[in-house]
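In what follows, a single structure is set out as structure tokens and then discussed.
2 protein chains.
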Amino acid sequence: MSSQLNTVPGWQEAVADKRQRLQGLIPKEWIIPPIPEDQQNVLDTPKDCGLLTDRELEITNTPDVSVILQKLANAEWSAVEVTTAFSKRAVIAHQVVNCLTEIFIEQALQRAAELDAYLKEHGRTVGPLHGLPVSLKDQFPIKGLETVMGYAAWIGPVAEEDAVLVQLLHQAGAVLYVRTNVPQTLMWGETHNNVFGRTLNPYNRKLTPGGSSGGESALIAMHGSPLGVGSDIGGSIRVPSHFCGLYGFKPSSHRIPSYGIVNSLDGQDSIPTAIGPLTISLSGVTAFIRSILNTEPWRYCPNTVPKPWVQDEYLLKNHGEGKKLCFGIMWDEGSVKPQPPVLRALGMTKKALEASGHKVIEWKSLRHAEYVAIARSTWLADGSEDYNSCLTTGEPLINSMVPGADPNDVPAFRVPRKPLTAFQQWQLNKERRALRKAHLDRWEATISETGTGRPIDALICPVAPYAAVPHGQTRSSIYTIIWNTLDCPALVIPVTKVDRHVDIKPSRESFWSDEDRAVHEMYDSEICEGLPVGIQLVGPTLLEEAVLGAGEVVDKALKAV
Amino acid sequence: MSSQLNTVPGWQEAVADKRQRLQGLIPKEWIIPPIPEDQQNVLDTPKDCGLLTDRELEITNTPDVSVILQKLANAEWSAVEVTTAFSKRAVIAHQVVNCLTEIFIEQALQRAAELDAYLKEHGRTVGPLHGLPVSLKDQFPIKGLETVMGYAAWIGPVAEEDAVLVQLLHQAGAVLYVRTNVPQTLMWGETHNNVFGRTLNPYNRKLTPGGSSGGESALIAMHGSPLGVGSDIGGSIRVPSHFCGLYGFKPSSHRIPSYGIVNSLDGQDSIPTAIGPLTISLSGVTAFIRSILNTEPWRYCPNTVPKPWVQDEYLLKNHGEGKKLCFGIMWDEGSVKPQPPVLRALGMTKKALEASGHKVIEWKSLRHAEYVAIARSTWLADGSEDYNSCLTTGEPLINSMVPGADPNDVPAFRVPRKPLTAFQQWQLNKERRALRKAHLDRWEATISETGTGRPIDALICPVAPYAAVPHGQTRSSIYTIIWNTLDCPALVIPVTKVDRHVDIKPSRESFWSDEDRAVHEMYDSEICEGLPVGIQLVGPTLLEEAVLGAGEVVDKALKAV
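Top to bottom, those sequences are chains A and B.
The numbering used here applies: residue 606 is where the first sequence begins, and numbers increase by one.
The numbering used here applies: residue 606 is where the second sequence begins, and numbers increase by one.
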């Protein structure tokens, strides 16, 4: 196997063939006329194109996953019509933001028909996700389909069996129908590869939908899917959720089953990938997590902790039943100040919580640069051998997400490093452990300030220092990586949209770092106008239920104002 | 830092000083007259030496930890007198089997007096382990004391704070009073190092008490401690328990807090150390695990899963309330046939369970050689850099446990390997994951045979292919390593003692492997006469409570016959 990055003929043909096959899977009658190249906001295209019936628009515009599930469960909507509606809308979305990598609507409709028949015959659903269309990031093998994950070399072979999560989603009643785009290597906060090309942000196609689960975020923002499954090693669920106005949840890394997925840096277990949902409503996050945990995934996935869904934790029984909570708030991590819309979203959250009778105390940033440095050293410990082993066709490594960039212009956080020895990796693991201990101690120490007799119930912080940015302009994901290094569950809640009249660029003369200056300088309220802005809500490792319970409190408080 | 194994003057002086200081910590009046060099069984020395009062003998001979705890809790025995009794007996044991590395009886008695005062004043105990003397393997730092762990280079510096487990034991009411011996590097099934020398088996001092928690097993077998804490990366709790007739429990690696311990191969997180107890009774195991989990250790240790003690799992609520269970039994792992006493212990267990109304089905060995190979490759991935970094004083690396052996005569499983890269370690992690998945699937598949509608409730297997062996004769710990690679909780239950009239050496003509032949040939029923023999009881990862619950069933069944 060669790791040389030359360009030999061959891989382009495989890519052309794959693209053609993908295009061929779109039903002819669902092909829409091209929209103007200079139309940047395409959120209304599904409605405007005229392809969806009123009922299909009603179904796909439903803003709450629990409502969809309820209407499916009581047969007000059939699984077939819900699947048809979301399939159509997914395919429409794909034509304007290039979000799909696999389309298998026929199988989906067949499964939906089975579900309808079951419900009719037995008077009960197959499982808690009965009939819900669920999209999947291009990492979850499905028997008989390719899993390309943005590598030309992976075109061709088909999976011999489903990933464990695919099996469990099926068992829970979900309908799988499309898979979605990712960046080559997955280790980018944007979504572009040599096989499927670039995915665009439906709020503004000049911007990125984030990454690496950017096919998901673009698709779900267009309501081409009510809920999708992504993965997150440094922000790959959370950044796309934030950039596209979605709820997104990165659980701890051993809560949702990962066995059988394809992955980047596979076998790197020190700061590993976590699997979680991106979705239109918080009810979607909860339904997904609860449903999967109730299948006892640890019986099938050796990476999953045997902890069932704990309803009492979700109801915040040990957090004063959710009354008079105390949240921490971290406005910034000390090296990069968030842009005005992000700070405003944090402020709105604080105010809303206080108006609902909760307390919010300051959380000062602690050693965050170290969290990020450890993560990068760990992910680059192989000297890029993993990446190179996937480029055997001669397909070039993508070194920049800037459209048309010089391929030798590599951002600092992507510069390859000398391979580490296993012993050196062990030393990094020791440093990571010390950081995790420092964080635990810090969390516990808040007991003295909360007034509740408990440490803070959850921590509020930015998802990124900015809303969605132009292609190629995302920078180091410091605000999300922290929680991967610490393996803490982190929930993204959409809070507001950029308002250029309010979110005025401040004048700043001194900066905390070069990165800080760059982030300040790139802010342009005209470009950002109308973009969604979210916050992160973080809790202790493996206490997903409590984070979701606290998330309900935050979401309700925000919606009440 | 030099990794050359030369012998420079200096380290021997540090060792001499340390030994002298240790000797100085033994109260003069507790020094016993030397016993005959050729007296091999020293189990009765504590009684015979005449140093213990009748009441002290009664206290230390109590065969059940729960009885000790009860008498402490109702003030029938004071913490001071219990601490005094076990301290005395520990020091006596040390003089005949060389098991201690640190002695801090004064601090222990002070703590015991505090506990007595607390109970008197408040009418309740400090915690569930109130007044129980607990010994510690030489890996648990205690503020103000050295933690030498068998390395000359570690003599001198004292700990600035307690390991998390030490803090939690203190909080639970335990009295810490001694630490115990280990082998240099910890990675041996025996107990010998250049600082403290060799620990002997009190059943027969020509034999090893096992390792690496061999100071613990020798001490507890002599009732110099009712319960000790060890660690286990490949059998280091279980082999010593088996060799010394104790109950021993290796939980999953992230259940009992390890933060703050000193360790070998520190930072190696792929097949890591687990912390657990060695003790005189199953009630001791349960008391330890339950007490520690009830302190919520995950709030203080970043390596601990936030799973509290689940009483329903312990009561086997999901296992038919403990009635009509179905156990798997693995007679051997296919490459090394256990010696007659071990096979007899397994047979006795099967018979006892069947007589109590349970079912026992065959479990065929599966890929066990691979489990062991992965573990060895992982532990040796650093090319011995970790060991060498601890030998900076010129102290030689111990390459053989054979007394007086040629230091260049290295057993196969200890031969140093070429260092791996981090990327190579990642590939090993992938193999380990695949093995864990194969095991899960196999476990689930037993549903078709159990007749309970569940997979087997637990698996019975050997701890080692032999009972205690002469110093230097332990071999690869295949039967225990399997469960470290799979990270399954494994409980050792003492079953019987070798009876030379029953456990007759069979005549065998063909062998499964060289190892098999060697294990067969080394069996000598005369040497083994009277040695304890245990079995292992194994369950799924992180389901410690169910293994202990099933352990009660097995223990009761064995005691009933």
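Don't be surprised by glycine CBs; every beta carbon is placed ideally from N, CA and C.
As the structure is a prediction and not an experimental result, all values here were calculated from the model.
So, with DSSP's three-state summary, where would you put B:His-735?
For the purposes of this step, residue 735 of chain B is identified with residue 130 of the second sequence, where counting begins at 1. Of the three classes helix, strand and coil, the one that applies to B:His-735 here is coil, per DSSP.
Identify whether B:Cys-654 lies in helix, strand or coil by the three-state DSSP scheme.
Counting from one through the second sequence, the residue named residue 654 of chain B turns up at place 49. Of the three classes helix, strand and coil, the one that applies to B:Cys-654 here is coil, per DSSP.
With DSSP collapsed to three states, give me the class of B:Ser-896.
Position 291 of the second sequence holds residue 896 of chain B. Reduced to three states, the DSSP call for B:Ser-896 is helix.
Hey, is B:Gln-1029's beta-carbon within less than 8 Å of any beta-carbon in chain A?
Within the second sequence, numbered from 1, the residue matching residue 1029 of chain B stands at position 424. Chain A, which has a Cβ nearer than 8 Å to the Cβ of B:Gln-1029, makes this yes.
Kindly identify the DSSP beta-bridge partner or partners of A:Gln-1141.
If you number the first sequence from 1, residue 1141 of chain A lands on position 536. Paired residue(s): A:Cys-1066 and A:Val-1097.
Taking the C-alpha atoms as reference points, what is the distance between B:Glu-1163 and B:Leu-1142?
Within the second sequence, residue 1163 of chain B is the residue found at index 558, counting from 1. Within the second sequence, residue 1142 of chain B is the residue found at index 537, counting from 1. Strictly speaking, residue 1163 of chain B in this sequence is Leu, with Glu absent from that position. Near 13 Å, if we compare the C-alpha coordinates of B:Leu-1142 and B:Leu-1163.
Step through the CB atoms of chain A and report whether any lies within less than 8 Å of the CB of B:Tyr-905.
Stepping through the second sequence from its first residue, residue 905 of chain B is reached at position 300. For B:Tyr-905, the answer is yes, since a Cβ of chain A falls inside 8 Å of its Cβ.
Please confirm whether B:Met-606 has its beta-carbon closer than 8 Å to some beta-carbon of chain A.
Along the second sequence, one-based indexing puts residue 606 of chain B at 1. No answer about B:Met-606 holds up, because its pLDDT of 29 lies below 50 and its placement is not dependable.
Which residues bound the alpha helix (DSSP H) around B:Tyr-1128?
For this step, residue 1128 of chain B is matched to residue 523 along the second sequence. Element bounds for B:Tyr-1128: n/a, residue is neither H nor E.
What span of residues does the alpha helix (DSSP H) with B:Cys-849 cover, start to end?
Taking the first residue of the second sequence as 1, we reach residue 849 of chain B at position 244. Counting along the chain, the alpha helix (DSSP H) containing B:Cys-849 begins and ends at 843 to 849.
Where does B:Val-696 fall in DSSP's three states?
Numbered from its first residue, the second sequence carries residue 696 of chain B at position 91. DSSP, reduced to helix, strand and coil, places B:Val-696 within a helical segment of the structure shown.
Taking A:Lys-748 as the reference, give the member of A:Leu-1002, A:Val-702, A:Leu-770 and A:Gly-732 with the closest Cα.
As a first step, residue 748 of chain A is located in the first sequence; it is residue number 143 there, counting from the start. Out of A:Leu-1002, A:Val-702, A:Leu-770 and A:Gly-732, A:Leu-770 has the C-alpha closest to the C-alpha of A:Lys-748.
Thinking C-beta only, is B:His-973 closer than 8 Å to B:Asn-908?
The residue you call residue 908 of chain B lines up with position 303 of the second sequence. The residue you call residue 973 of chain B lines up with position 368 of the second sequence. No. Outside cutoff.
Leaving out the 5 sequence neighbours to the left and right, which residues in its chain are closer than 7 Å to A:Leu-832 when beta-carbon positions are compared?
As a position in the first sequence, residue 832 of chain A is number 227, starting the count at 1. Cβ neighbours of A:Leu-832 beyond the five flanking positions: Val-670, Leu-737, Val-739, Pro-882, Thr-884, Gly-889 and Phe-893.
Cutoff 8 Å: A:Ser-875 Cβ touching any chain B Cβ
Locating residue 875 of chain A in the first sequence gives position 270, where the first residue counts as 1. Flagged as an interface residue toward chain B: A:Ser-875, by a C-beta distance shorter than 8 Å.
Opposite A:Val-780 in the DSSP bridges: which residues?
Mapped onto the first sequence, residue 780 of chain A falls at position 175. Note: A:Val-780 sits in a beta bridge opposite A:Pro-738.
Sorted by chain position, which residues of the same chain lie with C-beta nearer than 6 Å to A:Thr-1057's C-beta, five sequence neighbours on each side aside?
Indexing the first sequence from 1 puts residue 1057 of chain A at position 452. Once the five neighbours on either side are set aside, the close Cβ partners of A:Thr-1057 are Cys-931.
Taking only three categories from DSSP, how would you classify A:Val-763?
One-based indexing of the first sequence puts residue 763 of chain A at position 158. If DSSP states are grouped into helix, strand and coil, A:Val-763 belongs with the strands.
Beta carbons nearer than 8 Å to chain B: which residues of the region 984 to 1004 of chain A have them?
Ala-986, Asp-987, Gly-988, Glu-990 and Asp-991
When you compare the CB of A:Thr-1026 with every CB in chain B, is at least one pair closer than 8 Å?
What you label residue 1026 of chain A is simply residue 421 of the first sequence in a count that begins at 1. So, interface residue.
Do A:Val-702 and A:Leu-791 come within 8 Å of each other at the CB atom, strictly closer than that value?
In the first sequence, counting from the first residue as 1, residue 791 of chain A sits at position 186. In the first sequence, counting from the first residue as 1, residue 702 of chain A sits at position 97. Not a contact, by the Cβ cut-off of 8 Å.
Whole angstroms is fine: what's the gap from A:Pro-733's alpha carbon to A:Lys-964's?
Here residue 733 of chain A corresponds to residue number 128 of the first sequence, with the count starting at 1. Here residue 964 of chain A corresponds to residue number 359 of the first sequence, with the count starting at 1. One C-alpha to the other measures close to 35 Å.
Rounded to the nearest angstrom, what separates B:Asn-786 and B:Gly-820 at their Cα positions?
Position 181 of the second sequence, counted from the first residue, corresponds to residue 786 of chain B. Position 215 of the second sequence, counted from the first residue, corresponds to residue 820 of chain B. Those two C-alpha atoms are separated by around 4 Å.
Need the endpoints of the beta strand (DSSP E) that A:Lys-855 sits in, please.
If you number the first sequence from 1, residue 855 of chain A lands on position 250. 852 to 855 is the span of the beta strand (DSSP E), which, as asked, contains A:Lys-855.
Counting along the chain, where does the alpha helix (DSSP H) carrying B:Pro-946 start and finish?
One-based indexing of the second sequence puts residue 946 of chain B at position 341. Per DSSP, B:Pro-946 belongs to the alpha helix (DSSP H) from 945 to 960.
Simplified DSSP state of A:Leu-676, which is helix, strand or coil
Position 71 of the first sequence holds residue 676 of chain A. Residue 676 of chain A is actually Lys in this sequence, not Leu. Per DSSP, reduced to three states, the secondary structure at A:Lys-676 is helical.
For A:Leu-781 versus A:Ala-713, is the C-beta distance shorter than 8 Å?
Here residue 781 of chain A refers to the residue found at position 176 of the first sequence. Here residue 713 of chain A refers to the residue found at position 108 of the first sequence. Yes, the pair counts as a contact, with Cβ atoms nearer than the cut-off.
Closer than 8 Å, CB to CB, is A:Glu-765 near chain B or not?
The residue you call residue 765 of chain A lines up with position 160 of the first sequence. False, the Cβ-Cβ gap to chain B never drops below 8 Å.
Count the other C-beta atoms from every protein chain shown that fall within 10 angstroms of the C-beta of B:Asn-1089, then say buried if there are 16 or more, exposed otherwise.
As a working mapping, residue 1089 of chain B is identified with position 484 in the second sequence. Buried: at least 16 other Cβ atoms inside 10 Å.
Separation of A:Gly-933 from A:Val-947, as counted between CA atoms
For the purposes of this step, residue 947 of chain A is taken as residue 342 along the first sequence, with counting starting at 1. For the purposes of this step, residue 933 of chain A is taken as residue 328 along the first sequence, with counting starting at 1. Pairing A:Val-947 with A:Gly-933, the inter-Cα distance amounts to about 16 Å.
Classify A:Val-687 as helix, strand or coil using the three-state DSSP reduction.
Indexing the first sequence from 1 puts residue 687 of chain A at position 82. Residue state, collapsed to three classes: helix.
Taking the beta carbon of A:Asp-874 as the centre, do at least 16 other beta carbons fall within 10 Å, making it buried, or is it exposed?
In the first sequence, residue 874 of chain A corresponds to position 269, counting from 1. So A:Asp-874 ends up on the buried side.
Beta-carbon proximity list for B:Ile-897, same chain, < 8 Å, skipping 5 on both sides:
Within the second sequence, numbered from 1, the residue matching residue 897 of chain B stands at position 292. Excluding sequence neighbours, B:Ile-897 sits near Leu-770, Leu-773, Leu-774, Ala-777, Ile-861 and Pro-862.
Contact with chain B by A:Val-910, beta-carbon distance below 8 Å
For this step, residue 910 of chain A is matched to residue 305 along the first sequence. Closer than 8 Å: yes.
Endpoints, beta strand (DSSP E) assigned at B:Leu-627:
The count along the second sequence starts at 1 and reaches residue 627 of chain B at position 22. Looking at the DSSP string, B:Leu-627 is not in any beta strand (DSSP E); the run it does join, the alpha helix (DSSP H), is 616 to 629.
Could you have a look at B:Gly-833 and say whether DSSP puts it in helix, strand or coil?
Position 228 of the second sequence, counting from 1, holds the residue named residue 833 of chain B. Strand.
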